[in-house]
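Q: Below you will find the structure I want to go over with you.
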Ligand code: FE
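In this note's numbering, the protein residues as written are -7 to 373.
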């Protein structure tokens, strides 16, 4: 069976490798970067350091780009945020990769130095880079053009060494022997940044890293790290135990606000429903059409029983929308209704979703439409 290639722009095929798709995502609350890397031809991909609270965002991007997620990899057992790996495993069947030495539950791909994690014809090479924690890993792309350094090496900095089995001597050796030994041009993508810096390179960090760059040696580095006196991460007590379960929620899970329907959120954050589901559940939904009256009564027709409130009148006419049933909003293509959906959510409606693809998708599926009776032609005298 032919595999659909992933949608999106690709990195150039460095060193002759198959083209890749690459995305850097950010969680502003914890300053965490999540990375999506996939081979375009096979659409197989990996997600690195997903954040629990960003699961919906990450899943919708993976679905919109058509990626078959092979694995979620965590660079280490984080102390500042909970991993989204288990949620992603639950949603897509992807395996969960973490250093074997971390000893976490639910890990299906225990990783060791020298392992290769394949996606399509490409792979990430696993390098042990302990020192921040003893389970820290750096993932290096097969052609050595880029590396995901976790908290071992940050842009102009590095992870702390004062808890979670941290050791500054070990970290110095990990960084110099396993990361700064890569080619000068190798791009480095860290787990965190708190100042808007997104990536670096081996040559830059060798020259300018504030803790070990330039002329600094192991003594200088250890002296720096042992005098940092940082406060403990605010989420330590929650994050570490949760990460030792790979982010699997324990006990009672809060009710899902989208539980009333098979909502699929777009990467833009919009709750959406498919035409066929809306059609099957037509009797228990209010359908709100936000096109103009001319379109509603024109040749495109409308869904029988749908309520017409043009987008520009929505704010003034919110009171006309029945509140007893969930609301599905629609227009010609799904774009004006997307704005209306956002307006309704802002106005406090909870069970509301956009009709994905609008009337065009509805029509393509052959679902019923009502057309106004044509005006009878006037007899000519
Ligand atoms: Fe960390």
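C-beta atoms are modelled at their ideal positions from N, C-alpha and C, and glycine is treated no differently.
(1) What's the C-alpha gap between residue 359 and residue 28?
(2) Whole angstroms are fine: how far does the CA of residue 30 sit from the CA of residue 165?
(3) Pair every Cβ in the region 142 to 152 with every Cβ in the region 98 to 111, then say whether three or more of these pairs are closer than 8 Å.
(4) Under the three-state reduction of DSSP, which class applies to residue 305: helix, strand or coil?
(5) Classify residue 400: buried if its beta carbon has 16 or more other beta carbons within 10 angstroms, exposed otherwise.
(6) At a cut-off of 8 Å, would you count residue 151 as near the ligand FE, judging by its Cβ distance to the nearest heavy atom?
(7) Does the beta-carbon of residue 47, which I'm using as the reference point, lie nearer than 8 Å to any heavy atom of the ligand FE?
(8) For residue 236, I'd like the list of residues in its chain whose CB is within less than 8 Å of its CB, leaving aside the five on either flank, ordered along the chain.
(9) Assign residue 251 to one of two classes, buried (16 or more other C-beta atoms within 10 Å of its C-beta) or exposed (fewer than that).
(10) Within the same chain, show all residues whose beta-carbon is closer than 7 Å to that of residue 42, passing over the 5 residues directly before and after it, in chain order.
(11) Measure the alpha-carbon distance for residue 20 versus residue 46 and round it to whole angstroms.
(12) What do you reckon, are the CB atoms on residue 144 and residue 217 nearer than 9 Å?
(13) Going by DSSP, name the residue or residues bridged to residue 25.
(14) Unbroken alpha helix (DSSP H) runs of length 4 or more, entirely within the region 279 to 325: which are they?
(15) Near residue 364, which residues of its chain fall below 7 Å by C-beta distance, leaving aside the five closest residues on each side in sequence?
(16) Whole angstroms are fine: how far does the CA of residue 319 sit from the CA of residue -7?
(17) Please name the residue in 92, 273, 210 and 215 whose C-alpha comes closest to that of residue 347.
(18) Is residue 34 near the ligand FE, in the sense that its beta carbon is under 8 Å from a heavy atom of that ligand?
(19) May I ask you to check if the CB of residue 72 is nearer than 8 Å to at least one heavy atom of the ligand FE?
(20) Between 131, 267 and 9, which has its C-alpha nearest residue 349's C-alpha?
(21) Who are residue 181's beta bridge partners in DSSP?
(22) For residue 22, is the beta carbon positioned less than 8 Å from some heavy atom of the ligand FE?
(23) Can we count residue 68 as close to the ligand FE, meaning its CB is less than 8 Å from some heavy atom?
(24) Let me know the secondary structure DSSP gives residue 330 once reduced to three states.
(25) Where do the N-terminal and C-terminal ends of the beta strand (DSSP E) with residue 215 fall, by residue?
(26) So is residue 82 buried or exposed if we call it buried at 16+ other beta carbons inside 10 Å?
(27) With respect to the beta strand (DSSP E) encompassing residue 92, which residues constitute its N-terminal and C-terminal limits?
(28) Does the count of Cβ pairs from the region 129 to 138 and the region 107 to 120 closer than 8 Å reach three?
(29) Excluding the five sequence neighbours on either side, which residues of its own chain have a C-beta within less than 6 Å of the C-beta of residue 279, listed in chain order?
(30) Residues in its own chain within less than 6 Å of residue 240 by CB, not counting five upstream and five downstream?
(31) Grab the span of the alpha helix (DSSP H) containing residue 162 for me, first residue to last.
(32) Could you check what DSSP says for residue 196 in three-state terms: helix, strand or coil?
(33) How would you label residue -2, buried or exposed, when you count the other beta carbons within 10 angstroms and need 16 or more for buried?
(34) With 16 as the cutoff for other CB atoms within 10 Å, does residue 201 come out buried or exposed?
(35) Residue 222: buried (16+ other C-beta within 10 angstroms of its C-beta) or exposed?
(36) Where do the ends of the beta strand (DSSP E) carrying residue 60 lie?
A: Looking at the atomic coordinates:
(1) On the chain shown, position 367 is the one that residue 359 refers to. On the chain shown, position 36 is the one that residue 28 refers to. Rounded to the nearest whole angstrom, the CA to CA distance from residue 359 to residue 28 is 37 Å.
(2) Counting from 1 along the chain shown, the entry for residue 165 is found at position 173. Counting from 1 along the chain shown, the entry for residue 30 is found at position 38. So the alpha carbons of these two residues sit roughly 30 Å apart.
(3) With a cut-off of 8 Å, the region 98 to 111 and the region 142 to 152 do not count as touching, because too few Cβ pairs lie within range.
(4) Stepping through the chain shown from its first residue, residue 305 is reached at position 313. The DSSP-derived three-state label of residue 305 is helix.
(5) In the structure displayed, the chain extends from -7 to 373; residue 400 sits before or after that span and is not available.
(6) Taking the first residue of the chain shown as position 1, residue 151 is located at position 159. Correct: residue 151 has its Cβ closer than 8 Å to the ligand FE.
(7) Numbered from its first residue, the chain shown carries residue 47 at position 55. Incorrect: residue 47 has no Cβ contact closer than 8 Å to the ligand FE.
(8) In the chain shown, the residue the question calls residue 236 occupies position 244. Excluding residues within five positions, the ones whose Cβ falls inside 8 Å are 69, 94, 95, 96 and 97.
(9) The residue given as residue 251 occupies position 259 in the chain shown. Counting Cβ neighbours within 10 Å, residue 251 comes out exposed, since fewer than 16 surround it.
(10) On the chain shown, position 50 is the one that residue 42 refers to. Cβ neighbours of residue 42 beyond the five flanking positions: 26, 50, 64, 75, 76, 77 and 80.
(11) Translated into positions along the chain shown, residue 20 becomes position 28. Translated into positions along the chain shown, residue 46 becomes position 54. Their Cα atoms are separated by approximately 10 Å.
(12) Within the chain shown, the letter at position 152 stands for residue 144. Within the chain shown, the letter at position 225 stands for residue 217. No, these two residues do not count as a Cβ contact at 9 Å.
(13) The count along the chain shown starts at 1 and reaches residue 25 at position 33. BP columns for residue 25 point to 18.
(14) As summarised for the region 279 to 325, the continuous alpha helix (DSSP H) elements at least 4 residues long and confined to that stretch are 285 to 288, given in chain order.
(15) Start at 1 with the first residue of the chain shown, and residue 364 comes out as number 372. Closer than 7 Å at Cβ, skipping near neighbours: 289.
(16) To locate residue -7, count along the chain shown from 1; it is residue 1. To locate residue 319, count along the chain shown from 1; it is residue 327. With a pLDDT of 45 at residue -7, under the threshold of 50, the modelled position of this residue cannot be trusted, and the question is left open.
(17) On the chain shown, position 355 is the one that residue 347 refers to. With distances taken between Cα atoms, residue 347 lies closest to 273.
(18) Taking the first residue of the chain shown as 1, we reach residue 34 at position 42. No, the beta carbon of residue 34 sits no closer than 8 Å to any heavy atom of the ligand FE.
(19) Position 80 of the chain shown, counted from the start, is the residue given in the question as residue 72. Yes, Cβ of residue 72 sits closer than 8 Å to a heavy atom of the ligand FE.
(20) Here residue 349 refers to the residue found at position 357 of the chain shown. Considering only alpha carbons, the answer is 267.
(21) Position 189 of the chain shown, counted from the first residue, corresponds to residue 181. Partner(s): 140.
(22) Here residue 22 refers to the residue found at position 30 of the chain shown. Checking the Cβ of residue 22 against the ligand FE gives no.
(23) As a working mapping, residue 68 is identified with position 76 in the chain shown. Residue 68 Cβ: within cutoff of the ligand FE.
(24) The count along the chain shown starts at 1 and reaches residue 330 at position 338. DSSP, read as helix, strand or coil, puts residue 330 in helix.
(25) The residue given as residue 215 occupies position 223 in the chain shown. Here residue 215 belongs to no beta strand (DSSP E); instead the alpha helix (DSSP H) covers 210 to 217.
(26) For the purposes of this step, residue 82 is taken as residue 90 along the chain shown, with counting starting at 1. It counts as exposed.
(27) Start at 1 with the first residue of the chain shown, and residue 92 comes out as number 100. Going by DSSP, residue 92 is part of no beta strand (DSSP E) at all; its letter is neither H nor E.
(28) Contact holds between the region 129 to 138 and the region 107 to 120, because three or more Cβ pairs, one in each stretch, are under 8 Å apart.
(29) Stepping through the chain shown from its first residue, residue 279 is reached at position 287. Answer for residue 279: 295, 298 and 320, listed in chain order.
(30) By 1-based counting over the chain shown, the position of residue 240 is 248. In the same chain as residue 240, and ignoring 5 residues on each side of it, the C-beta atoms closer than 6 Å to its own belong to 78 and 98, in chain order.
(31) Here the question's residue 162 lines up with position 170 in the chain shown. Residue 162: member of the alpha helix (DSSP H) spanning 160 to 166, first to last residue.
(32) In the chain shown, counting from the first residue as 1, residue 196 sits at position 204. It is helical.
(33) As a first step, residue -2 must be located in the chain shown, where it is residue number 6. Residue -2 comes out buried.
(34) Position 209 of the chain shown, counted from the first residue, corresponds to residue 201. Buried.
(35) If you number the chain shown from 1, residue 222 lands on position 230. It counts as exposed.
(36) As a working mapping, residue 60 is identified with position 68 in the chain shown. Start and end: 60 to 65.
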